[in-house]
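The numbering used here applies: residue 8 is where the sequence shown begins, and numbers increase by one.
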Amino acid sequence: MNDFMKEALRLAGESFEEGEVPVGAVVVKDGVIVGRGRNMRESGKNALLHAEICAIDEACKNLGGWRLWQCEMFVTLEPCPMCAGAIINARIKKVTFGAYDKKAGSFGSVVDFNSLPYNHKPQIVGGTNEAECSALLSLFFEKLRRNRSKKGFDPQAREMDSDAPA
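This is how it looks when you write it as structure tokens:
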């Protein structure tokens, strides 16, 4: 496993331990990680705090600009529409993702942002370390369903069904 995907998986594991959907991402420039992110939507009480957005934000701050055209991203789950838009807007040159997301994947699974007439189209590599990335997500949602069946589901507490990859 490549070191960058290994770091993204480590970050996803941190999210898992905190009860967040386990997604991790890193932004890399010239072989060095310049941005890290993990899903923090529940703890931050903010729908924008996806791993990719957090990693892009940190990379922009570390590099002093919003154009990340010399950077690559490694992320454990295929980006959703919001994150795909952020990737395109940041001009990231390549995205390598692990698990495919059949419910919200925006680089091929549900929609392909690269087939739309945007001025930037990142190179996409999907399915890298897919088994490890998918296993962590599956474990999280199995645990969530088990806990929910014990306690009863409160839709105001968490709206997780829409987050679960198929």
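All residues carry an ideal CB built from backbone N, CA and C; glycine is no exception. Here the structure is a predicted model, which is why all the values come from computation and not from measurement.
Open item on the list: So for L84, helix, strand or coil by DSSP?
Closed with: Of the three classes helix, strand and coil, the one that applies to L84 here is strand, per DSSP.
TODO: Can you tell me the Cβ-Cβ gap for F23 and F147, rounded? I've got them flagged as a contact below 8 Å.
DONE: Contact annotation, F23 with F147: C-beta distance approximately 6 Å; criterion of less than 8 Å satisfied.
Task: Other residues of its chain near V117: CB distance less than 8 Å, five sequence neighbours each side excluded - done: Excluding sequence neighbours, V117 sits near D108, K109, K110, A111.
TODO: Might you give, ordered along the chain, the residues of its own chain that have their beta carbon closer than 7 Å to the beta carbon of F120, omitting 5 neighbours on each side?
DONE: A91, I95, S113, F114.
- [ ] Evaluate A66 with the Cβ neighbour count: other Cβ atoms within 10 Å of its Cβ, from every protein chain shown; 16 or more gives buried, anything less gives exposed.
- [x] Its Cβ being crowded by 16 or more others within 10 Å, A66 is buried.
TODO: Tell me whether G92 sits in a helix, a strand or coil according to DSSP, three-state version.
DONE: The three-state reading of DSSP puts G92 in helix, counting H, G and I together.
- [ ] Just the C-alpha distance for A143 and E21, rounded to the nearest angstrom, thanks.
- [x] One point to set straight first is that residue 143 is Leu, not Ala, in the sequence displayed. Taking the straight line from one Cα to the other gives about 11 Å.
Open item on the list: Residues in the same chain with beta-carbon distance under 6 Å from M167, minus the five sequence neighbours each way, listed in chain order, please.
Closed with: Residue placement at M167 is flagged as unreliable, the pLDDT there being 48, under the threshold of 50; the coordinate-derived value follows with that caveat. So the qualifying residues of the chain are L151.
Open item on the list: So, for G105: in the same chain, excluding its five sequence neighbours on each side, which residues have a beta-carbon less than 6 Å away from its beta-carbon?
Closed with: These residues qualify, in order along the chain: T83, T135, N136, E137, C140.
Open item on the list: So within the region 27-77, which uninterrupted beta strand (DSSP E) runs reach at least 3 residues, ignoring any that extend past its ends?
Closed with: Here the runs fully enclosed are 31-36, 39-45.
TODO: Quick one: measure Cβ to Cβ for R43 and L18, integer angstroms, because I've assumed they're closer than 8 Å.
DONE: About 6 Å separates the Cβ atoms of R43 and L18, confirming a contact at the 8 Å cut-off.
Task: Neighbourhood of T103 by C-beta, 6 Å cutoff - its chain only, sequence neighbours within 5 removed - done: In its chain, beyond the 5 residues on either side, F81, V132, T135 have a beta carbon closer than 6 Å to the beta carbon of T103.
- [ ] Whole angstroms is fine: what's the gap from S169's alpha carbon to A97's?
- [x] Note that S169 scores 48 on pLDDT, short of 50, meaning its location in the model is unreliable and no value can be drawn from it.
Open item on the list: Which of the three DSSP states is assigned to A106 in this structure?
Closed with: DSSP places A106 in strand when its eight states are reduced to three.
Task: Under 7 Å between C-beta atoms of N53 and V28 - done: No; because the gap between Cβ atoms is not below 7 Å, this pair is not in contact.
TODO: Would you list the residues sitting across from I131 in a DSSP beta bridge?
DONE: Paired residues: V102.
Open item on the list: According to DSSP, F114 sits in a beta bridge with which residue or residues?
Closed with: D119, per the DSSP bridge assignment.
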